[in-house]
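Per my numbering: the sequence shown = residues 5 to 131. Where is the CB? At the ideal position from N, CA and C, for every residue including glycine. Given the structure is predicted, the values throughout are model-derived calculations rather than measurements.
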Amino acid sequence: MRRIDALNQLHVVTNQIAKSLGEINPSMNVDGTEMLEGINYMIKRRDETIKLLDEAMEKEGKDWTEDERTLLQQLSVLEEKIQPKLSELYSAFSDQMRRLQQGKAAANNYKPQKTAYSDGAFFDQRK
5 MRRIDALNQL HVVTNQIAKS LGEINPSMNV DGTEMLEGIN YMIKRRDETI
55 KLLDEAMEKE GKDWTEDERT LLQQLSVLEE KIQPKLSELY SAFSDQMRRL
105 QQGKAAANNY KPQKTAYSDG AFFDQRK
């Protein structure tokens, strides 16, 4: 793959990531896993494209043409745009995992139900 083609492909994938990150709800309560899987897939594609760009740079050198410099500047702007959103998404995901773990820990603090009913009331019994 030529260097300019790899840059164009990188630009397209990065734009897709930026667009998807703009559409996703940062709290992750509304969006389904499809949206997150889509972003994860695009990030993997972007990583593969960067590897292709590295290979093309080894073959063609590092003397950038004017078109390539323009694409690199646009990619830099996009990168500055998506990094905070990715960090926010990672933080929201970490918070969600932490809440899940806390819920599991709280649920494990109680014994399984063993007919602890008394006149229609249920009494929780800790382990």
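At what residues does the alpha helix (DSSP H) containing I43 begin and finish? 37-64
With a cut-off of 8 Å, do at least 3 Cβ pairs link the stretch 52-61 to the stretch 21-30? no
Cα-Cα separation between Q105 and L40, rounded to whole angstroms: 20 Å
Would a C-beta distance cut-off of 8 Å place V17 and M46 closer than the cut-off? yes
Rounded Cβ spacing between I21 and I43 (contact assumed at less than 8 Å): 7 Å
What number of angstroms, rounded off, separates the C-alpha of M5 from the C-alpha of A60? 6 Å
Endpoints, alpha helix (DSSP H) assigned at N12: 7-27
7 Å Cβ shell around L79 - same chain, five flanking residues per side excluded: L14, H15, T18
What do you get for A111, buried or exposed, if any count of 16 or more other CB atoms within 10 angstroms of its CB means buried? exposed
Taking the alpha helix (DSSP H) that T74 belongs to, which residues open and close that run? 70-111
Hey, out of K108, L75, D67, whose CA is closest to A10's CA? L75
Chain-order list of residues whose beta-carbon lies under 7 Å from that of T37 (same chain, five-residue window excluded): none
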